[in-house]
Amino acid sequence: MASLLPAAVHLLTSLRRLFTGSSAVTGRSPYGVLLPHTHHRLLTEDDIGGRDLLVIGDVHGCYDELSELLSQQNISETSNKACIVFVGDLINKGPKNAQVVKLARRLRAYSVRGNHDEVCLLEWEKTQRNNGQLSEKFSWMNQLTKEDIQWLYDLPYTINVPSRNFIVVHAGLLPGRSLEDQDPKDMITMRNITEDKSGPGYVTIKGNSGVCWASKWGGPSHVYFGHDARRLLQQHRYATGLDTGCVYGGHLTAIYPLSGKLVSVTAHSVHKPT
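Listed below in structure tokens is the structure:
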């Protein structure tokens, strides 16, 4: 990737301010990167175009496993068979992160932001501000074009498909709150919740305390999410967790929301020891 100079970054920021308003640009995400143009993306039937919908769990740069899963389902860049939605954490930790981004774009797939997507964007921003070099851990980002980077920036925190009655988010949603009232930090990092001592409802809680937020999610929209590889596949009444730890040697799992059919492939190796 031809490095974007600070002037180019400034131009990008100016353009974002023009189209989104200064507050959207000056606001920063939980990891300190620029907020997306749209926090909550609406996916319509026109976007779906009569295709099957396939929601895919955390890829984490496991390009070979993703390619195998798509091949298993007879999905290719040219077939236009399925409308693909990722639950975020497309990148980081795995062996072929740049290839995953480029494949997702060629597939014209949709995705929400995950915490690891933001970690990578933060590293890229630091490098651009300091006109420096990416560390070895993130050197794969040099393979990305500025269009790839912008695509990552544009990933929303949720994708809502009202015609199919489901929502995709990376980590979770706080029960009892509308999408507009959800905290971006919760949406990319939460796992457990506990009752709010100051009033009705719930608050997030770190560690192993509390209960899984998905067990308290009461619908009516079904939520598909990732982020929680320790619990592996989760199947609650109104929420399904799809992170089955591919990067840790587990599986890459996906679901067809209309039928509820689950599909998966086994990790080719342990890419990141737990």
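Under my numbering, the residues of the sequence shown are numbered 21 to 294, in order. Glycine included, each C-beta is placed from N, C-alpha and C at the ideal position. Fair warning: this is a prediction, and the values are worked out from it, not measured in the lab.
I'd like the span of the beta strand (DSSP E) that includes residue i, first residue to last.
i: D78; result: Where D78 is concerned, there is no enclosing beta strand (DSSP E), given that its DSSP letter is neither H nor E.
i: T322; result: Lying outside 21 to 294, the shown extent of the chain, residue 322 is not represented and no answer is given.
i: I275; result: 271-276
i: I104; result: 102-106
i: S91; result: Segment 83-92 is the alpha helix (DSSP H) holding S91; no beta strand (DSSP E) there.
i: T209; result: Segment 204-209 is the alpha helix (DSSP H) holding T209; no beta strand (DSSP E) there.
i: K281; result: 281-286
Would you mind stating whether residue i and residue j have Cβ atoms separated by less than 8 Å?
i: L272; j: V79; result: yes
i: T178; j: M207; result: yes
i: C103; j: L73; result: yes
i: G196; j: I213; result: no
i: V285; j: Q92; result: yes
i: Y51; j: L142; result: yes
i: G269; j: S289; result: yes
i: V181; j: L63; result: yes
i: Y244; j: V107; result: yes
i: W171; j: R125; result: yes
i: L164; j: A234; result: no
i: S241; j: I187; result: yes
i: R149; j: K101; result: no
i: H247; j: A191; result: yes
i: K205; j: Y222; result: no
i: V75; j: L262; result: yes
i: V283; j: L89; result: yes
So is residue i buried or exposed if we call it buried at 16+ other beta carbons inside 10 Å?
i: G238; result: exposed
i: V189; result: buried
i: P293; result: exposed
i: S49; result: buried
i: T112; result: As written in the sequence, residue 112 is Asn, which differs from the Thr given in the question. Its Cβ being crowded by 16 or more others within 10 Å, N112 is buried.
i: D216; result: exposed
i: N135; result: buried
i: D66; result: exposed
i: K226; result: exposed
i: G114; result: buried
i: K281; result: exposed
i: G81; result: buried
i: P56; result: buried
i: T46; result: Note that T46 scores a pLDDT of 46, beneath 50, so its modelled location is shaky; the value from the coordinates is reported in the next line. T46 should be labelled exposed.
i: D201; result: exposed
i: R128; result: exposed
i: G152; result: exposed
i: G77; result: buried
i: K157; result: exposed
Our contact map puts residue i next to residue j with C-beta atoms below 8 Å; I'd like the distance itself, whole angstroms only.
i: T264; j: I275; result: Their Cβ separation, rounded to whole angstroms, is 11 Å, which puts T264 and I275 out of contact at 8 Å.
i: V120; j: Y83; result: 5 Å
i: V105; j: S131; result: 7 Å
i: E16; j: A287; result: Because the chain in this structure spans residues 21 to 294, residue 16 falls outside the shown range and cannot be described.
i: L175; j: D137; result: 6 Å
With residue i as the anchor, note down where its alpha helix (DSSP H) starts and where it stops.
i: A124; result: 117-126
i: L193; result: Element bounds for L193: n/a, residue is neither H nor E.
i: N164; result: What sits at residue 164 in the sequence shown is Leu, not Asn. Here L164 belongs to no alpha helix (DSSP H), and DSSP marks it neither H nor E.
Which residues does DSSP list as the beta-bridge partners of residue i?
i: H60; result: T178
i: E215; result: Y222
i: R48; result: L54
i: F245; result: G261
i: A157; result: Sequence check: residue 157 is Lys here, not Ala. DSSP lists no partner for K157.
i: S131; result: F106
i: I187; result: N180, V243
i: V267; result: The partner list for V267 (beta bridge, DSSP) is empty, contrary to what the question assumes.
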